[in-house]
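K.L.:
One structure, pasted below without further comment.
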Ligand code: NAD
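Numbering (my numbering), first residue to last: 884 to 1180.
Written as structure tokens, this is what we have:
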């Protein structure tokens, strides 16, 4: 492993700098842990990464159209961009190509600039899937209740289909969103039965596991989307919220004796796959996870 100083000295000697510049485009992203994960992994691999926050809420002079932001990043030689709320769908018409995952999910969270082309990927799906595989081995997947069918929920539902869930029930306070996601999953995946429950019907279900894919439980939106009185010790409970990592739902589930999966799994593994796409190098997932966790402590 080369230190930052050694990288600087060596590159200066050779008259070359091979910095990779990456950005995160979104709103309200000042506390994102993604930049640190990429930059720290780059240092370990001898690849300097400069990871810029392109926080539209903080632009001097106010908002800019997404098209201008993508153009500017490409012109300035960025290797790629992560894309987050609220642009994961809006970015699609601005790209030249989509990966199979991004096309199936209908959302992009990673853009790679390569040979004059803009290629869109979705690493949220593999992020949730890999986090689940690593941390919840043996979890029963006969019937899963997913609450939340928004931007992140779409990726989570596709991940559950890939994980082999037999029956997926989707609930969202915006019922039309749940119905749209049901149709999308049923069309894209064989061997899974998908249904929709409204928030009252949801109370009569006794699923093997529940995932919260709503923002409820975030520090700025306390509470739980799933009534904690319905928790049973044999259930598993996953949350994709990661500010805080221990949401009210997870704390109640843990107290009840349920297996729990915090939002860090998805956050770490989406970055692991994005690092691979940006750099062409194989990242050390455990190291990126440790970087993420160090920020918690
Ligand atoms: P979104 O606004 O696109 O979707 C949220 C959905 O939840 C909406 O469809 C909304 O109608 C529904 N909803 C809200 N409150 C509800 C309730 N009480 N009951 C039922 N449905 C309800 O948001 P998003 O981009 O999908 O993000 C959701 C959460 O996931 C956020 O907290 C975000 O920070 C988190 N997230 C985590 C990761 C990760 O890597 N762990 C990645 C992306 C997003």
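Think of the CB as a built atom: it goes at the ideal place given N, C-alpha and C, for glycine as much as any other residue.
#1: When DSSP labels each residue in this structure, what does residue 1026 get in the three-state scheme?
#2: What is the DSSP secondary structure of residue 891, reduced to helix, strand or coil?
#3: Out of 1100, 989, 1133, point me to the one whose CA is closest to residue 1006's CA.
#4: For residue 964, name the three-state secondary structure that DSSP assigns.
#5: Does DSSP put residue 899 in a helix, a strand or coil?
#6: Would you decide whether residue 1087 is buried or exposed? Buried here means 16 or more other CB atoms lie within 10 Å of its CB.
#7: How many angstroms separate the CA atom of residue 891 from the CA atom of residue 931?
#8: How about residue 1181: is its Cβ closer than 8 Å to a heavy atom in the ligand NAD?
#9: Shorter than 8 Å, the distance from the beta carbon of residue 970 to the closest heavy atom of the ligand NAD, or not?
#10: What do you get for residue 959, buried or exposed, if any count of 16 or more other CB atoms within 10 angstroms of its CB means buried?
#11: Considering only heavy atoms of the ligand NAD, does any lie closer than 8 Å to the CB of residue 1174?
#12: Go through its chain and collect everything with a Cβ distance to residue 1047's Cβ below 7 Å, but skip five positions before and after it.
#13: By DSSP, does residue 1048 sit in helix, in strand, or in coil?
#14: Among the residues of its own chain, which have a CB less than 8 Å from the CB of residue 980, if the five just before and after it don't count?
#15: Please specify which runs of the alpha helix (DSSP H), each continuous and at least 4 residues long, are wholly inside the region 1105-1154, giving them in chain order.
#16: Do residue 1108 and residue 1030 count as a contact pair if the criterion is CB distance below 9 Å?
P.N.:
Walking through what the data contain:
#1: Residue 1026 sits at position 143 when you count from the first residue of the chain shown. DSSP places residue 1026 in strand when its eight states are reduced to three.
#2: Taking the first residue of the chain shown as 1, we reach residue 891 at position 8. Low confidence applies here, because residue 891 scores a pLDDT of 49, under 50, leaving its location unreliable and the question unanswered by this model.
#3: Along the chain shown, one-based indexing puts residue 1006 at 123. Ranking 1100, 989, 1133 by Cα distance to residue 1006 puts 989 first.
#4: By 1-based counting over the chain shown, the position of residue 964 is 81. Three-state result, residue 964: strand.
#5: In the chain shown, the residue the question calls residue 899 occupies position 16. Legend: pLDDT at residue 899 = 47, less than 50; position of this residue unreliable, value from coordinates given subsequently. Three-state result, residue 899: coil.
#6: Stepping through the chain shown from its first residue, residue 1087 is reached at position 204. By the neighbour-count criterion, in which a residue is buried when 16 or more other Cβ atoms sit within 10 angstroms of its Cβ, residue 1087 is exposed.
#7: In the chain shown, counting from the first residue as 1, residue 891 sits at position 8. In the chain shown, counting from the first residue as 1, residue 931 sits at position 48. Any reading at residue 891 needs caution, since the residue's pLDDT is 49, under 50, leaving its predicted position unreliable; the model's value is listed next. Approximately 9 Å between the Cα atoms of the pair.
#8: Residue 1181 is absent from the model: the chain starts at 884 and stops at 1180.
#9: As a working note, residue 970 is residue 87 in the chain shown. No - the ligand NAD has no heavy atom lying nearer than 8 Å to the Cβ of residue 970.
#10: Along the chain shown, one-based indexing puts residue 959 at 76. It counts as exposed.
#11: Sequence index remark: in the chain shown, residue 1174 carries index 291 (1-based). False, no ligand heavy atom lies under 8 Å from that Cβ.
#12: As a first step, residue 1047 must be located in the chain shown, where it is residue number 164. Excluding sequence neighbours, residue 1047 sits near 1024.
#13: Here the question's residue 1048 lines up with position 165 in the chain shown. Here residue 1048 sits in coil by DSSP.
#14: By one-based count along the chain shown, residue 980 stands at place 97. 1000, 1001, 1002, 1003, listed in sequence order.
#15: Secondary structure remark: continuous alpha helix (DSSP H) runs of at least 4 residues inside the region 1105-1154, in chain order: 1131-1139.
#16: Your numbering for residue 1030 matches position 147 in the chain shown. Your numbering for residue 1108 matches position 225 in the chain shown. Contact: yes.
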